[in-house]
Structures are given as C-alpha cells and as structure tokens.
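Student:
There are 4 protein chains.
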Amino acid sequence: MPVTTGPRGRIDKRSAILVAATTVFARAGYAQAGVDEIAAEAGVAKATVYSHFGDKQNLLREALVAESDRAAEANLAVVEGLLDPGGDVRGALEDVALRLLECFTDERSWALRRLVTAEVVQFPDLADVFLGRAASRVNQALADRLLALSVAGELRIADPATAAEQFGSLLTGGMDARTRFGTRALPAAELAGIARSAVDTFLRAFAPV
Amino acid sequence: MPVTTGPRGRIDKRSAILVAATTVFARAGYAQAGVDEIAAEAGVAKATVYSHFGDKQNLLREALVAESDRAAEANLAVVEGLLDPGGDVRGALEDVALRLLECFTDERSWALRRLVTAEVVQFPDLADVFLGRAASRVNQALADRLLALSVAGELRIADPATAAEQFGSLLTGGMDARTRFGTRALPAAELAGIARSAVDTFLRAFAPV
Amino acid sequence: MPVTTGPRGRIDKRSAILVAATTVFARAGYAQAGVDEIAAEAGVAKATVYSHFGDKQNLLREALVAESDRAAEANLAVVEGLLDPGGDVRGALEDVALRLLECFTDERSWALRRLVTAEVVQFPDLADVFLGRAASRVNQALADRLLALSVAGELRIADPATAAEQFGSLLTGGMDARTRFGTRALPAAELAGIARSAVDTFLRAFAPV
Amino acid sequence: MPVTTGPRGRIDKRSAILVAATTVFARAGYAQAGVDEIAAEAGVAKATVYSHFGDKQNLLREALVAESDRAAEANLAVVEGLLDPGGDVRGALEDVALRLLECFTDERSWALRRLVTAEVVQFPDLADVFLGRAASRVNQALADRLLALSVAGELRIADPATAAEQFGSLLTGGMDARTRFGTRALPAAELAGIARSAVDTFLRAFAPV
DNA sequence: AATGAATGAGATTTCATTCAT
DNA sequence: CATGAATGAAATCTCATTCAT
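Protein chains in written order, with the numbering used here: chain A, 3 to 211; chain B, 3 to 211; chain C, 3 to 211; chain D, 3 to 211.
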C-alpha cells in the first residue's frame, strides 16, 4: 500500500501508461502491441489502463497527441532560432536545416509518422492530430521566418507558405529511401550533406538577385 | 463445376488471390485484414490461400512486389515520355510533373506506401521490395532524363541524381499533409497548381543562365 | 452471478479444469481431445484454460501429475497394509495382490498408462512424471515390505527390489492381453484367479524352505 | 513416365506406402502423422495413398497388421528354437529369454505396442490385430514348448498357458520403467541380467523336484 | 492408376475488454 | 481507485479427404 496516494498518484500512473504506450506502440506497431504489454511496461494492471483511457484506440490517440506536441516543440525551437542572420543567410539556413533534419530522423519522430501513416485509414482523425499539432504549426512558423527574411531582403519569396513547404520537402523528401523508412540510421556527414544540398537548391531558387 | 481447369486454373487462382490480397490489405491494413476475408474476396477457400502463399506475411510480400512493379511501370512510362522538348522545357516538365503526381496520388499508390511504412518495422525487407522495385528505378530514370536535358543545354544540373530526388521531393513532399495521408482526394486544379509550383522552383534553381 | 468468488473461486476453477482435462484426455486421447471440449466439461471459457495452464501440453502434464499422485496414493495404501501376517503369508499376499490388481485395472489407471505410453515420444518427460511419482514409489514400498517379511523369516528373498518388480510383473504382466489394453473389464473371479496364480508362483519361488 | 508399370508397379507402391506409414506412425504417433508426410516418405502423391488404403485409420490398421506379423515371426523363430536341451534347461531358457527380450526391446516393437496402446480407445479392433496376430500366437507357442519340456521331465508345470504368460511377464514386466516406455536403450549386460533373473525365478518355481 | 489442386471443418492460441472485490 | 480473473470473438494455420485430369 502506498503511503500517500491522492490526485498525484493517479496522475503519475496516467503518464506512466502514456509513456509505456508510446514506447510499445513505437516498438511493435498498433495492432501488434498488446494492452497487456503496455500495462506491464507501465507497471500497472491492465484494467487500470482501461480505467484511464477507455480503450486501445483512444490510448493510441492520446499517445500520438503527446508525441505530436513533443515533436512540434522540438521543431519549433529550431525554427524559432532562425533570426535575421545579418549577411550569412546560407549559414543560418544550413544550420536550421541540419537541426530540423536531426529532429526528423529521430527514432521517435519516425515512429510517430509510421503510426499515423499505418492507422490513418482505420482512424482518420489521427491525421488531424499529427498535422494540426505538429506539421502545420512547424510549417507556419517556418513560413513566418522566411517572410521575415524576405522582408529583410535576404530572400526573395512571393509565397512564404509554399516556400516553407518546399524547404521542408527538399530537406526530407528523400529520407524514406535513404533511411529505409526509418529503419536505418544515417551518418552525420550524410545528414549534413543533405542539408547543404537542400539549402543550395533553395537558395538558387529564392536568393535575391 | 468450373468450365475450364488445368494449369491455367491454378494460375488464375493465384492471381485472383493476389488481387484480393492487395485490395483487402489496402482497405484494412495488414494486421486488420483477415486471411478469411482475402479468401472470400478471391472466391477461394482459405486453405487455398495458404497452399499458394505459405503464410500471411508472404502473401503481403508478394502483393507488395506486384504492386511495386505496377507502380514502377506507370511512373516509368511517364518519365520516359520526358524527351527533349525543343524549347518548352517548362511545359514538358509541368506535363511530367502533373502526370507523376497523378500516379503518386492514386489510391493504390497510397495504399502501397502506407503498407510498406506500417509494416517495415516488423518485416524490414519490405522496404527493399518497394525501394528496389519502384522508387529507386523511377528516380534513376528521372535522373537519366534530367542529365539528357542538361547535356542538351536545356537545364544546368551538376548532380542529376540529387536533382531528380529534389524534383520528386518538391512535387510530393507536401502531399501527406494535403491529402491527409492519402485519405482525401485533391481537386485536379490543386494538383496542377502543385505541379506548376514545383516546376517553377525547380527551374529557378536549375534553368540555364 | 456466482454466489461466492474470490481466491477460492480461482482455485476451484483450476481444479475443475484439471478434472475435466483428465476426463477428456482419458476419453479421447491427447491429440483428439479439444481444448474446447475440456473447457466445456469444466464449465469455463476456453481462454480460462489457457490462462491457468499456458498450453495444451502443459495441461496434459499437470493432469498426469495429479493422476500419478492419485494412483500412487491408492497403491501405497494397499502396499502399506502388508504387515507381518503371523503365519498366513499366502493369504496376506493374495489379499494385497488382489487389491493391487483392482487399482491397476481401474479405468483411471488404464487411462493414465495409455496417455503416458501414447505421448512419451512427443513429450519424453511424461515418463519421468509417471515413473517417478507413481511406479517407482510403489515398487520401492513393496520392496520394503518384502524385505521385512524376509527378515521375519516368512519369505526367502535375496534381492527385494527385483522380487518386488517380479511380484508386480506376475500380477500385471498379462493384463494388456486379458483386458484388451483396458478396453474390457474382467469379472471379479478372474481377477482373483490371477492374483492367486501370481502369488502361487511367487511363493513357489520365494517361500522359505 | 515409368518404362514398365502394370501390376508389379502398383504392388510396389502399395508396399512403399505401407513401409512409409509404419515409419512415420512410429516416429510421430498416429494423430501427429500427416498423410502428406507419409506420401512424401513413400514418394507418391497423397491421393495415391487414399486410392490404396481408403482412409488414414485403415492405413494404420494395415500397417499394424504387417508389423504384428513381422514381430510374431521374429518371436516365433526364437520360441521354436527352444527344443529339449538334454540337461541344460536353464541355459536353454536363458538363451530364449535373452533373445525374446531383444525382440521385445526392438524399436519397432516398442512403436507397435505404443501405437496399439495409444489408439485402442478410438479403434478398439486394433487390440485384436495385435493380440491375435502376435501376442497370443507367441504365448501359445511358448506354452507348447513348456509343455514339451514338462513332458520330458525337465520342468514341472501344471498349467502351461499360465506358465508361459508368467514367463513372459517376468521377462518384460519391468521394461516400461527401465526403458522409460521404450525411450531409452538398455546396455546388453542389463538385458542379460534381466533374462537371467527372470529365468532364475521361473526355475525356482517350476523346476522339477 | 496416379496426381495436383482445392477445400470444409476444426485445431490451438491470442486479445481487447468487463466485472466483482 | 486498482486489480486479478474471466471471457467472447476472432486470428492464423493445418489436415484428412475429394475431384477433375
């Protein structure tokens, strides 16, 4: 018997379960993950999982909400570091590009995207969770920065939203193939090369005259 | 009583099963798809499925092989249409871009990518199937064409493989978000806009002086 | 709604399953017995059987452990009744012989031996279960008694272990044929005759001069 | 296409199947043996097995008939060697005993008894096959010899049938335990010891005054 | 006569979920 | 509130048997 329980104990269990669910879903996939397994990983009884989250699907959703927020946080932190560099746009963009790429190729990010992709047909609202909480916020933030740079005369961008999307695409578009869908890690040098190459093309297209 | 049987009958059943498997896996996902369901869709007994394919995992693999080949065929046909346009590079690229986008946003292509993505952790060799049979062949073909255009002085490309990858990325990089992972169809006008926008950026970066 | 549950309830179910398994395995043989059938006989859900015993093979093992113990108990009770008879050795031996024969020809004993015999190739440890828990204990106990009678001058036995084995053999050696492997019951008179005949031969060999 | 077929080919196939069935049933048990496996072992198609033997149960029966005959032959050959030894009854009996024991502990004999024991509940007529074709014939032959020896004054036996049964019992009664139901081979020395010990007890009981 | 192919029925096992304590 | 226990429904896979060639 715990000496003190109360709201704190319950909350602790809730997040232990969420962490466990994230881990197990990432490792095994939604269908292959057993609620037993999640409960064991969290150190609680299976019924406790149900009393907190209702059912397995909802557990997935909540886990994806948390992971999407976590991923968004990391990405936004990077994008918000993209301030007016006073001259070295290329350096600033390469720096942001590389750090975004590191976020993107993180194990947990791959797992998040894989889970959304895998289950979107069964549970279409998962797309909204991921896109709304992570992808579109990051894109919007990036568009804001690009606009700022454009206003500052460092870039020449007509449509910042599209430019932001294309910046991201150039950066991450080949990653499925290169990492075999997140199954294989890339050497740091390769990451840096990809970032440089993406920024290079981006600047050819959007550098001021 | 079947009208005709013999060796042809067996082959017919095999492909009926493969078609059914593709359909059902696409509709329900690998784990949620029952072999019962596939057998019913194919109009054969469950045991026949097993006698042809051994187990469910192998059925998935064979289905993905077939779908990868089919997708590659369609994409290659488009890419191979990209000949020296004698002046109107933009028009030629936009045409190819749009048609590639149509391939890419096809229901079956989405299903293929979703299945690979979803199951790559459990069955890592599926990545090889998809990448080796489809993605990398298409990229290679596109690189070949870009090189030819570069040689012809229509483009100014140093590294055709990377340029091809970037062309594809600009084209398809935003599609997860726009189609909600293939869950939502896009109006033709939007597709055309995306193609135009991708080509525009690509040409800004790679058009000759 | 059950009138009482709690820890007692689980134990009750466990033994209900064990009893049912014993019954069904005896009736149908291991391979032909369905876990469905056992669950139905026990009045529980199939999954409950699995949650208690893990798999079918283990269920067989546990059932055989219980049956071996039960059989050993009955046999040992008989053998331990063989005290110094003060003169009438023949009578005492015939009495024990007949009662051992009754144990041996019991339906459940036949079923036990049949199951062990049938499955020993697949699950070699079953031999250990049966021999270690039943056969060898009974033989040892019988050897002890024969030694005591020998010490008391009622028998003339050099090697009690072998003598005990031979006593058992004379008694049960012909039973496969007579009962058609336990498929046919014997009249009490025949049993008594066999016991008498076995004891007769035994005493011819081991009675004191 | 075989160069010549005809009745001889069919007969060859029939016995190939029977041999294969015997092998596979012995190795795996009746229920675990697949008709596929038997057909493969025999080098024929599964349907051929059915066209020759009708169903699996009948295949078992025919295999057991053949094996029972084979076992009987071997045992009878031994027993029939038990002629009037002119003085050395013990030596003659020990010789027969050892050779019978060798028959009895043969792999194939164990397999035969195991199959009969295992399946007798499902197919009660198997007991008749085994008992009628092997066990009782051997016992009868042995009774004949014992009677002859008795007439010759070498033994003193009132009831030869019972004596024969007891001779066999003394010999084989402990073999289940010693060989763990045929799962473990015995060293030749142990076999010889058992034979000697059985004959010793037998002669104590049945040697002439 | 022999076979390759197909199948219906059933086997074991798993799992998300509920309920009484 | 947390849990151990129980379960209904379904999943994958197997196998004896038949049929058309």
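Backbone N, C-alpha and C define an ideal beta-carbon position, used for all residues, glycine too. Note that the structure is a prediction, hence the values are computed from the model and not measured.
#1: Below 7 Å on C-beta distance, what does C/S199 contact in chain D?
#2: Determine the direct distance from the alpha carbon of A/A137 to that of B/E121, and round the result to whole angstroms.
#3: Unbroken beta strand (DSSP E) runs of length 3 or more, entirely within the region 107 to 191 of chain C: which are they?
#4: Pull up the distance between the alpha-carbon of A/V80 and that of A/F208, whole angstroms please.
#5: Could you tell me whether any Cβ in chain D is nearer than 9 Å to the Cβ of C/D178?
#6: What residues in its chain sit with their C-beta under 7 Å from that of A/L172, if we drop five residues either side in the sequence?
#7: Thinking C-alpha only, which one of C/G89, C/A113, C/F169 is nearest C/F132?
#8: 9 Å is my cut-off, CB to CB: does C/D108 come that close to chain D?
#9: Could you run through the region 183 to 199 of chain C and flag, in chain order, every residue whose CB is less than 7 Å away from some CB of chain D?
#10: Output needed for D/L100: all residues of its chain with C-beta closer than 8 Å, excluding positions within five of it in sequence on either side, in chain order.
#11: Grab me the residues of A/T174's own chain with a C-beta within less than 6 Å of its C-beta, minus the 5 sequence neighbours each way, in chain order.
#12: So what's B/Y52 in DSSP terms, helix, strand or just coil?
#13: Do the CB positions of D/G184 and D/R115 come within less than 9 Å of each other?
#14: Here's the rule I'm using: 16 or more other beta-carbon atoms within 10 Å means buried, otherwise exposed. How should C/I13 be labelled?
#15: Determine the burial state of B/P189: buried for a count of at least 16 other Cβ atoms within 10 Å of its Cβ, exposed for fewer.
#16: Nearest chain B C-beta to A/R63 closer than 9 Å, yes or no?
#17: Do D/A41 and D/A68 have their C-beta atoms closer together than 9 Å?
#18: So D/T119 contacts chain C; which residues on that side make the cut at Cβ distance below 7 Å?
#19: On the CB-based measure, 16 or more other CB atoms within 10 Å of its CB, does A/G31 come out buried or exposed?
#20: Who are the near neighbours of C/D38 in its chain, counting only those whose CB is closer than 8 Å to its CB and skipping five residues on each side?
#21: Comparing alpha-carbon positions, which option in B/D161, B/L128, B/G155 lies nearest B/L144?
#22: Within a Cβ cutoff of 7 Å, which residues of the same chain sit near A/L102, ignoring the five residues on either side of it in sequence?
#23: Shortest alpha-carbon distance to B/R29 belongs to which of B/L117, B/R147, B/R135?
#24: Specify the secondary structure class of D/T6 as computed by DSSP and reduced to three states.
#25: Do the CB positions of D/G170 and D/N141 come within less than 9 Å of each other?
#26: On the criterion of 16 or more Cβ atoms from any shown chain inside 10 Å, does D/V153 qualify as buried, or is it exposed?
#27: Which residues of chain B have a Cβ atom closer than 8 Å to the Cβ of A/L172, listed in chain order?
#28: So, is the C-beta of B/R135 closer than 9 Å to a C-beta in chain A?
#29: Please work out which residues of its chain come closer than 8 Å, Cβ to Cβ, to C/T6, disregarding the five sequence neighbours upstream and downstream, and give them in chain order.
#30: Can you pull the chain B residues whose beta carbon is under 8 Å from the beta carbon of A/G31, in chain order?
#31: Would you check if the distance between the CB atom of D/R72 and the CB atom of D/R110 is smaller than 9 Å?
#32: Tell me, to the nearest whole angstrom, how far the beta carbon of A/F125 is from that of A/A65; I am working on the premise that it is less than 8 Å.
#33: Assuming the contact rule is C-beta atoms closer than 8 Å, B/A18 and B/G36 should be a hit. Round their C-beta distance to whole Å, please.
#34: Where does A/V211 fall in DSSP's three states?
#35: Given this structure, state the Cα-to-Cα distance separating C/Q34 from B/R186, to the nearest angstrom.
Tutor: So, from the listed chains and residues:
#1: Indexing the third sequence from 1 puts residue 199 of chain C at position 197. Within chain D, the residues near C/S199 are T164.
#2: Reading the second sequence from its first residue, position 119 is the one you call residue 121 of chain B. Reading the first sequence from its first residue, position 135 is the one you call residue 137 of chain A. Straight-line Cα distance between these residues: approximately 23 Å.
#3: none
#4: Translated into the one-based positions of the first sequence, residue 80 of chain A becomes position 78. Translated into the one-based positions of the first sequence, residue 208 of chain A becomes position 206. Near 21 Å, if we compare the C-alpha coordinates of A/F208 and A/V80.
#5: For the purposes of this step, residue 178 of chain C is taken as residue 176 along the third sequence, with counting starting at 1. For C/D178, the answer is yes, since a Cβ of chain D falls inside 9 Å of its Cβ.
#6: For the purposes of this step, residue 172 of chain A is identified with residue 170 of the first sequence, where counting begins at 1. Closer than 7 Å at the Cβ level, and outside the excluded window around A/L172, lie A200, T203, F204.
#7: Within the third sequence, residue 132 of chain C is the residue found at index 130, counting from 1. Nearest C-alpha to C/F132: C/A113.
#8: Counted from its first residue, the third sequence places residue 108 of chain C at position 106. Answer no: the Cβ-Cβ gap between C/D108 and chain D never drops below 9 Å.
#9: F183, T185, S199
#10: Within the fourth sequence, numbered from 1, the residue matching residue 100 of chain D stands at position 98. Cβ neighbours of D/L100 beyond the five flanking positions: L193, A194, A197.
#11: Here residue 174 of chain A corresponds to residue number 172 of the first sequence, with the count starting at 1. Here the set comprises F106.
#12: On the second sequence, position 50 is the one that residue 52 of chain B refers to. Residue state for B/Y52 is assigned as helix, using DSSP reduced to three classes.
#13: Position 182 of the fourth sequence, counting from 1, holds the residue named residue 184 of chain D. Position 113 of the fourth sequence, counting from 1, holds the residue named residue 115 of chain D. Their beta carbons are under 9 Å apart, which means D/G184 touches D/R115 by this criterion.
#14: Looking up residue 13 of chain C in the third sequence gives position 11. Exposed is the call here.
#15: As a position in the second sequence, residue 189 of chain B is number 187, starting the count at 1. With fewer than 16 Cβ atoms within 10 Å of its Cβ, B/P189 is classed as exposed.
#16: The sequence position of residue 63 of chain A within the first sequence is 61, counting from 1. By this cut-off, A/R63 is not an interface position.
#17: Against the fourth sequence, residue 41 of chain D aligns to sequence position 39. Against the fourth sequence, residue 68 of chain D aligns to sequence position 66. It is not a contact, given that the beta carbons lie outside the stated cut-off.
#18: Here residue 119 of chain D refers to the residue found at position 117 when the fourth sequence is read from its first residue. Chain C residues near D/T119: R116, T119, A120, F183.
#19: The sequence position of residue 31 of chain A within the first sequence is 29, counting from 1. With 16 or more Cβ atoms within 10 Å of its Cβ, A/G31 is classed as buried.
#20: Here the question's residue 38 of chain C lines up with position 36 in the third sequence. Closer than 8 Å at the Cβ level, and outside the excluded window around C/D38, lie K48.
#21: Residue 144 of chain B sits at position 142 when you count from the first residue of the second sequence. Cα-wise, what sits closest to B/L144 is B/D161.
#22: Here residue 102 of chain A refers to the residue found at position 100 of the first sequence. Within the same chain, A/L102 has close Cβ partners N77, V80, L173.
#23: Translated into positions along the second sequence, residue 29 of chain B becomes position 27. For B/R29, the nearest C-alpha among the options comes from B/L117.
#24: Position 4 of the fourth sequence, counting from 1, holds the residue named residue 6 of chain D. Per-residue confidence for D/T6 stands at a pLDDT of 46, beneath the threshold of 50, marking its modelled position as unreliable; no derived number is given.
#25: Taking the first residue of the fourth sequence as 1, we reach residue 170 of chain D at position 168. Taking the first residue of the fourth sequence as 1, we reach residue 141 of chain D at position 139. Against a cut-off of 9 Å, the Cβ pair of D/N141 and D/G170 comes out as a contact.
#26: As a working mapping, residue 153 of chain D is identified with position 151 in the fourth sequence. D/V153 sits exposed, since fewer than 16 C-beta atoms from the chains shown fall within 10 Å of its C-beta.
#27: Position 170 of the first sequence holds residue 172 of chain A. Neighbours of A/L172 on chain B, chain order: Q168, S171, L172, G175.
#28: Start at 1 with the first residue of the second sequence, and residue 135 of chain B comes out as number 133. Closer than 9 Å: no.
#29: Locating residue 6 of chain C in the third sequence gives position 4, where the first residue counts as 1. Reliability of the predicted coordinates at C/T6 is poor, the pLDDT of 45 falling under 50, and no value is obtained from them.
#30: Numbered from its first residue, the first sequence carries residue 31 of chain A at position 29. The answer, in chain order, is A33, A120, E121, V123, Q124.
#31: Sequence index remark: in the fourth sequence, residue 72 of chain D carries index 70 (1-based). Sequence index remark: in the fourth sequence, residue 110 of chain D carries index 108 (1-based). Yes, the pair counts as a contact, with Cβ atoms nearer than the cut-off.
#32: Taking the first sequence and counting its residues from 1, one reaches residue 125 of chain A at position 123. Taking the first sequence and counting its residues from 1, one reaches residue 65 of chain A at position 63. Not a contact, Cβ separation roughly 12 Å.
#33: Position 16 of the second sequence, counted from the start, is the residue given in the question as residue 18 of chain B. Position 34 of the second sequence, counted from the start, is the residue given in the question as residue 36 of chain B. At roughly 17 Å, the Cβ-Cβ gap does not stay under 8 Å, so B/A18 and B/G36 are not in contact.
#34: Working through the first sequence from its first residue, we reach residue 211 of chain A at position 209. Here A/V211 sits in coil by DSSP.
#35: Residue mapping note: residue 34 of chain C aligns to position 32 of the third sequence, counting from 1. Residue mapping note: residue 186 of chain B aligns to position 184 of the second sequence, counting from 1. Each residue's Cα considered, the two are about 52 Å apart.
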